[in-house]
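First residue of the sequence shown? That's 1 in our numbering, and the numbers climb one at a time after it.
Beta carbons are placed, not taken as given, at the ideal position from N, Cα and C, and that holds for glycine.
Okay, structure first, notes after.
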Amino acid sequence: MECSLVKIVLDEIAAAPATADLSELDAATAWVRARIVMRGNDKGPVREIRPAGFEEAVREMKELRCLLVSRDFADATGAAQRARAFLP
Numbered sequence: 001m002e003c004s005l006v007k008i009v010l011d012e013i014a015a016a017p018a019t020a021d022l023s024e025l026d027a028a029t030a031w032v033r034a035r036i037v038m039r040g041n042d043k044g045p046v047r048e049i050r051p052a053g054f055e056e057a058v059r060e061m062k063e064l065r066c067l068l069v070s071r072d073f074a075d076a077t078g079a080a081q082r083a084r085a086f087l088p
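Printed below as a string of structure tokens:
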């Protein structure tokens, strides 16, 4: 998966949340989460490298999944749009 596919998944969910495929959302969330990488440094402690907005996108995508499961489609549309806005 790549960022453009994650955006497509989120766009599809925003357009039709009632027909959202949760497995696609889970895969997209996992991809974004994997981009938040822990890096070690010989001269210091482990530090996190976070692409701008990815942590916020993951937070919104988790909320989006909860909204879809609870069938709150009006709020799910907004969550999908917010998550997409955080991605580059």
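DSSP, reduced to helix, strand and coil, places A16 outside both helices and strands of the structure shown, so it counts as coil.
Per DSSP, the unbroken alpha helix (DSSP H) holding R59 starts and ends at F54 to V69. Taking 8 Å as the cut-off, the beta carbon of T29 is found closer than this to the beta carbon of K62.
Only residues of its own chain outside the window of five on either side were considered, and among them C3, P51, A52 and G53 have a CB closer than 8 Å to the CB of P88, listed in chain order. At the C-beta level, A14 and A85 stay beyond 8 Å of one another.
By the beta-carbon neighbour count (other beta carbons within 10 angstroms, threshold 16), A74 is exposed.
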